[in-house]
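J.: Before I ask anything, here is the structure I am working with.
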Amino acid sequence: MAMPDTPSADRSSAVERLERSRVDPFDLLVVGGGATGLGVALDAAARGLAVAVVEAEDFAKGTSSRSTKLVHGGVRYLAQGNVKLVREALRERALLLDNAPHLAGALPFMVPAYGLRGRLVDTWILGVGLAAYDLLAGGAGLGRTRMLGRAAALASAP
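Quick note: the sequence shown uses the numbering used here, first residue 3, plus one each step.
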């Protein structure tokens, strides 16, 4: 049995809590139980707010159920020159890693850069961009970005 102040997932407890909200109101009502809605609810609850989440179906059933479950740090925005958005994405990624280390972690991956062989200027620009990204990530980074040649890439992921 749930403690009186502990939220419960069953329908009757949820209805009872909503009825009580007339005299003990919520600080925040979040409409939508997908990734964004639940993220907002978690953040607000962590800040001490009383939060209610309403969802038409089941939590994370819609778009969230079909996502890749990958959290990116916004490296593509750096190529667009949107440094502010890169910083925000890196900050949010760091918060997620801190708040839910049991759910999120580093996943090594490789991005092929076809057509750069022999094009030193393009290779240099890519290297500088990734180094800038690592600098922006600072302590919230997941390790230094490395550029691999063809042989090393094939050896890492045959």
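Glycine included, C-beta positions come from ideal geometry on N, C-alpha and C.
In whole angstroms, what is the alpha-carbon distance linking V77 and M112?
T.: 13 Å
J.: So who's on the other strand from A54, going by DSSP bridges?
T.: L31, per the DSSP bridge assignment.
J.: Which word fits Y135, buried or exposed, when buried means at least 16 other C-beta atoms lie within 10 angstroms of its C-beta?
T.: buried
J.: In chain order, what residues of the same chain have a beta carbon less than 7 Å from the beta carbon of A106, not counting five sequence neighbours either side?
T.: V73, L98 and L99
J.: Taking the alpha carbon of A115 as the point to measure from, which residue in L150, E90, V85 and P103 has its own alpha carbon closest?
T.: Residue nearest to A115 within the set L150, E90, V85 and P103 is L150 (criterion: CA-CA distance).
J.: Confirm, please, whether the CB-CB distance from A43 to V55 is below 7 Å.
T.: yes
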